[in-house]
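Q: Each residue of the sequence shown is one higher than the one before, starting from 18 at the first, in this note's numbering.
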Amino acid sequence: EAADPPMPAVLDLRAQAQVRDAWLGKRLDTVVPMLMRREGIDMWLVIAREYDEDPVIETMLRATWLRARRRTILLFFDRGPDEPIEKLSVARYAPGTWFEPAWNPEEHGSDQWARLAELIRERDPARIGINRSSRFSLADGLGSTQYEELIAAIGEKFAKRLVSAESLAIGWLETRIDDEMAAYPTIVRMAHSILAEGLSEKVITPGITTTADVAWWYRNRIRSLGLDTWFHPGVSLERAGEIEQSMTTQFAGEQETTTIQPGDLLHVDFGISYLGLNTDTQHHAYVLRPGETDAPQGLKVGIATGNRVQDILMSNFKTGISGNDLKDVARRDSAAAGFDATIYSHALGYHGHGAGPWVGMWDDQEARPDKGDYPVQPKTAWSIELNVRVPVPEWDGKAVRFKSEEDAYFDGENIQFLDGRQEELHLIPRQRSRSE
18 EAADPPMPAV LDLRAQAQVR DAWLGKRLDT VVPMLMRREG IDMWLVIARE
68 YDEDPVIETM LRATWLRARR RTILLFFDRG PDEPIEKLSV ARYAPGTWFE
118 PAWNPEEHGS DQWARLAELI RERDPARIGI NRSSRFSLAD GLGSTQYEEL
168 IAAIGEKFAK RLVSAESLAI GWLETRIDDE MAAYPTIVRM AHSILAEGLS
218 EKVITPGITT TADVAWWYRN RIRSLGLDTW FHPGVSLERA GEIEQSMTTQ
268 FAGEQETTTI QPGDLLHVDF GISYLGLNTD TQHHAYVLRP GETDAPQGLK
318 VGIATGNRVQ DILMSNFKTG ISGNDLKDVA RRDSAAAGFD ATIYSHALGY
368 HGHGAGPWVG MWDDQEARPD KGDYPVQPKT AWSIELNVRV PVPEWDGKAV
418 RFKSEEDAYF DGENIQFLDG RQEELHLIPR QRSRSE
């Protein structure tokens, strides 16, 4: 990762919409048929109402649609391996040119549910997938009243053919296409650029600036660049002679407002949203004391140790391994190498805490019988997130938790960081070479 990367250009909103719609068209033509056939689902129904959107339907609407309209029903039907998937919209308004309008109240009558039932009878699917899941909220988007009305409309014959589309919905959300991955490294570079700027003398004046000041600077900076974020940045610090900050406090977002001082180790948890994709990154910085030109060696060792645990985790990625098994083998190998590591990585993409398996939790390293059983799939983006406790000799042996997080892509065989990773502490103030 570059130490102080320049900020890439941000497209205007119209250009962003054009890019997102182009991606969506390709995804609907390629990802949907692949997943429906993988899961053996003949028909997929995605149903939502305005302000009660299914997480899946939010990713299937053209960019100028910020919400579903009234009740929006998308119907996908597999007409056979040699035919493209039929894509219908059973809705008053067309959600995009990719869907053929299939309900005109003036022609078909005003009962939307009756029209959907008619379309289902005509196609006679053997397995009808709906977005209901007890494991994944992202695959549980069908509201309870909508489910009841669907059952009433289609009757007992077709109600018996309803199945959970959990793996189909998660697969849609987690699978990245090549066009998206061509842009994702630049999106992560944007996040790295903003992170580096915030962890510098441009923003932080020791003895004056607080951790809350830095968190709000990130929020304002993100907004000023025409970007968005999916969570409020977390900014915390550790210092010699003080008790370690609570992980519960950090992850609950209930951060103490503390004035930053020379000698502090700063930590930032930060993410941006751009072109419908999200980043999630954690970096550390050291505030130099008067006369210092570098961080204490013990803190530098902590960063390097975190890198080694990242390497261990990523070396165990393979298609089909469950989140539980991936976490367990990475913890085993880390312990064998002498590291006190906690692993809690997650998928990344349309959502910051994205669709896919849970690879541990920061507060629970036991096997997850639900989300942890889901397998790692190819063509997925990841947040490689973990922490490792390392004693710092210069701080009287205090064990410091180094929390690292970087974004990566797994193609099915190899996993690599999208824009490198932090391998050196940010220094405040930045130490410039003579050539600068």
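We treat Cβ as the ideally placed atom computed from N, Cα and C, and that holds for glycine. All values reported here derive from a predicted model rather than from experimental measurement.
(1) Report the three-state DSSP secondary structure of Ile-90 (helix, strand or coil).
(2) On the criterion of 16 or more Cβ atoms from any shown chain inside 10 Å, does Asn-148 qualify as buried, or is it exposed?
(3) Looking at Val-107 and Ile-90, is the spacing between their C-beta atoms short of 8 Å?
(4) Going by the C-beta, is Leu-216 closer than 7 Å to any heavy atom of the ligand HEM?
(5) Out of curiosity, what's the CA-to-CA distance linking Glu-453 and Ala-200?
(6) By DSSP, does Pro-101 sit in helix, in strand, or in coil?
(7) So what does DSSP say about Glu-441, is it helix, strand or coil?
(8) Do Met-51 and Tyr-426 have their beta-carbon atoms positioned less than 8 Å apart in this structure?
(9) Am I right that Trp-59 and Arg-144 are in contact with their C-beta atoms under 8 Å? What's the rounded C-beta distance?
(10) Taking the alpha helix (DSSP H) that Asp-234 falls in, what are its first and last residues?
(11) Would you kindly work out how many angstroms separate the C-alpha atoms of Gly-437 and Arg-96, rounded to a whole number?
(12) Evaluate Asn-237 with the Cβ neighbour count: other Cβ atoms within 10 Å of its Cβ, from every protein chain shown; 16 or more gives buried, anything less gives exposed.
(13) Between the C-alpha atoms of Pro-122 and Trp-130, what's the straight-line distance to the nearest angstrom?
(14) Helix or strand or just coil, what does DSSP make of Arg-418?
(15) For the 8 Å Cβ check, are there 3 or more pairs between the region 279-294 and the region 381-395?
(16) Please go through the same chain and pick out, in chain order, the residues whose beta-carbon is closer than 8 Å to the beta-carbon of Asp-196, but skip the five residues on each side of it.
(17) How far does the alpha helix (DSSP H) with Asp-38 in it extend, from its first residue to its last?
(18) Below 8 Å on the Cβ atoms is my contact criterion, and I expect His-300 with Gln-439 to pass it. Report the Cβ-Cβ distance as a whole number of Å.
(19) Could you please give the first and the last residue of the uninterrupted beta strand (DSSP E) stretch that includes Met-6?
(20) Applying the 10 Å Cβ sphere with the 16-neighbour rule, what's the burial state of Asn-431?
(21) Could you check what DSSP says for Asp-141 in three-state terms: helix, strand or coil?
(22) On the DSSP bridge list, what partners appear for Gln-314?
(23) To the nearest angstrom, how far is the alpha carbon of Gly-355 from that of Thr-336?
(24) How far does the alpha helix (DSSP H) with Ile-187 in it extend, from its first residue to its last?
(25) Output yes or no for whether 8 Å exceeds the beta carbon distance between Ile-445 and Leu-403.
(26) Would you call the region 178-192 in contact with the region 201-220, where contact means no fewer than 3 C-beta pairs closer than 8 Å?
(27) Can Gly-215 and Ala-65 be called in contact, C-beta distance under 8 Å?
(28) Short of 7 Å in beta carbon distance, which residues of its chain neighbour Pro-25, apart from the five on each side in sequence? Order them along the chain.
(29) How about Leu-379 and Lys-388: are their beta carbons less than 8 Å apart?
(30) For the alpha helix (DSSP H) that contains His-125, what are its first and last residues?
(31) For Ser-452, name the three-state secondary structure that DSSP assigns.
(32) Considering only C-alpha positions, which residue in the set Pro-307, Arg-406, Asp-311 and Gly-373 is nearest to Gly-323?
(33) Could you check how far apart the C-beta atoms of Lys-415 and His-284 are, in whole angstroms? I think they sit under 8 Å.
(34) Verify whether the separation of the beta carbon atoms of Gly-315 and Glu-441 is less than 8 Å.
(35) Would you kindly work out how many angstroms separate the C-alpha atoms of Arg-451 and Met-77, rounded to a whole number?
(36) Name the two residues that bound the continuous beta strand (DSSP E) containing Thr-246.
A: To lay it out plainly:
(1) The sequence position of residue 90 within the sequence shown is 73, counting from 1. Ile-90 falls in the strand class under three-state DSSP.
(2) Against the sequence shown, residue 148 aligns to sequence position 131. Classification for Asn-148: buried.
(3) Here residue 90 corresponds to residue number 73 of the sequence shown, with the count starting at 1. Here residue 107 corresponds to residue number 90 of the sequence shown, with the count starting at 1. By the CB criterion at 8 Å, Ile-90 and Val-107 fall inside the cutoff.
(4) The ligand HEM is absent from the structure shown, which contains no ligands of any kind.
(5) Indexing the sequence shown from 1 puts residue 453 at position 436. Indexing the sequence shown from 1 puts residue 200 at position 183. Because Glu-453 carries a pLDDT of 46, less than 50, the predicted location of this residue cannot be relied on, and no value is offered for it.
(6) Counting from one through the sequence shown, the residue named residue 101 turns up at place 84. For Pro-101, the three-state secondary structure derived from DSSP is coil.
(7) Mapped onto the sequence shown, residue 441 falls at position 424. Coil.
(8) Taking the sequence shown and counting its residues from 1, the one referred to as residue 426 is at position 409. Taking the sequence shown and counting its residues from 1, the one referred to as residue 51 is at position 34. In terms of Cβ geometry, Tyr-426 and Met-51 do not form a close pair [threshold 8 Å].
(9) The residue given as residue 59 occupies position 42 in the sequence shown. The residue given as residue 144 occupies position 127 in the sequence shown. In the sequence as displayed, the identity of residue 59 is Asp instead of Trp. That pair is a contact at about 5 Å.
(10) If you number the sequence shown from 1, residue 234 lands on position 217. Note that residue 234 is Trp in the sequence shown here, rather than Asp. Going by DSSP, Trp-234 is part of the alpha helix (DSSP H) stretching over 228-241.
(11) In the sequence shown, the residue the question calls residue 437 occupies position 420. In the sequence shown, the residue the question calls residue 96 occupies position 79. Using only the alpha carbons, I get a separation of about 43 Å.
(12) Working through the sequence shown from its first residue, we reach residue 237 at position 220. Asn-237 should be labelled exposed.
(13) Numbered from its first residue, the sequence shown carries residue 122 at position 105. Numbered from its first residue, the sequence shown carries residue 130 at position 113. For Pro-122 and Trp-130, the distance between alpha carbons rounds to 11 Å.
(14) By 1-based counting over the sequence shown, the position of residue 418 is 401. Arg-418 falls in the strand class under three-state DSSP.
(15) No: the two stretches stay apart, fewer than three of their Cβ pairs being nearer than 8 Å.
(16) Start at 1 with the first residue of the sequence shown, and residue 196 comes out as number 179. Cβ-Cβ distances below 8 Å link Asp-196 to Ala-39, Trp-40 and Lys-43 in the same chain, with the five nearest sequence neighbours on each side left out; the list follows chain order.
(17) Counting from 1 along the sequence shown, the entry for residue 38 is found at position 21. Looking at the DSSP string, the run of the alpha helix (DSSP H) that includes Asp-38 is 30-56.
(18) The residue given as residue 300 occupies position 283 in the sequence shown. The residue given as residue 439 occupies position 422 in the sequence shown. Confirmed, Cβ separation roughly 5 Å.
(19) No information on residue 6 is available, as it lies outside the stretch 18 to 453 that the chain covers here.
(20) As a first step, residue 431 is located in the sequence shown; it is residue number 414 there, counting from the start. Label assigned to Asn-431: exposed.
(21) To locate residue 141, count along the sequence shown from 1; it is residue 124. Coil.
(22) Position 297 of the sequence shown, counted from the start, is the residue given in the question as residue 314. Answer is none; Gln-314 lacks a bridge partner.
(23) One-based indexing of the sequence shown puts residue 355 at position 338. One-based indexing of the sequence shown puts residue 336 at position 319. If you take the alpha carbons of Gly-355 and Thr-336, they lie about 27 Å apart.
(24) Residue mapping note: residue 187 aligns to position 170 of the sequence shown, counting from 1. It spans 183-191 - the alpha helix (DSSP H) in which Ile-187 sits, taken as one unbroken run.
(25) Within the sequence shown, the letter at position 428 stands for residue 445. Within the sequence shown, the letter at position 386 stands for residue 403. No, they are not a contact pair.
(26) No, the region 178-192 does not touch the region 201-220.
(27) For the purposes of this step, residue 215 is taken as the residue at position 198 of the sequence shown. For the purposes of this step, residue 65 is taken as the residue at position 48 of the sequence shown. Not closer than 8 Å, so no.
(28) By one-based count along the sequence shown, residue 25 stands at place 8. Thr-203, Arg-206 and Met-207.
(29) Here residue 379 corresponds to residue number 362 of the sequence shown, with the count starting at 1. Here residue 388 corresponds to residue number 371 of the sequence shown, with the count starting at 1. Position check: residue 379 holds Trp in this sequence, whereas Leu was assumed. Between Trp-379 and Lys-388, the C-beta spacing is not below 8 Å.
(30) Taking the first residue of the sequence shown as 1, we reach residue 125 at position 108. Note, His-125: alpha helix (DSSP H), 122-125.
(31) Here residue 452 refers to the residue found at position 435 when the sequence shown is read from its first residue. Unreliable placement is indicated for Ser-452, whose pLDDT of 42 sits below 50; the coordinate value is still reported in the next sentence. Reduced to three states, the DSSP call for Ser-452 is coil.
(32) Position 306 of the sequence shown, counted from the start, is the residue given in the question as residue 323. In terms of Cα proximity to Gly-323, the closest of Pro-307, Arg-406, Asp-311 and Gly-373 is Arg-406.
(33) Locating residue 415 in the sequence shown gives position 398, counting from the first residue. Locating residue 284 in the sequence shown gives position 267, counting from the first residue. Taking the Cβ atoms as the reference, Lys-415 lies roughly 15 Å from His-284, outside the contact range of under 8 Å.
(34) What you label residue 315 is simply residue 298 of the sequence shown in a count that begins at 1. What you label residue 441 is simply residue 424 of the sequence shown in a count that begins at 1. Taking 8 Å as the cut-off, the Cβ atoms of Gly-315 and Glu-441 do not count as close.
(35) Taking the first residue of the sequence shown as position 1, residue 451 is located at position 434. Taking the first residue of the sequence shown as position 1, residue 77 is located at position 60. Since pLDDT at Arg-451 reaches only 40, below the 50 mark, its modelled position is unreliable, and no value is offered.
(36) If you number the sequence shown from 1, residue 246 lands on position 229. Looking at the DSSP string, Thr-246 is not in any beta strand (DSSP E), and its letter there is neither H nor E.
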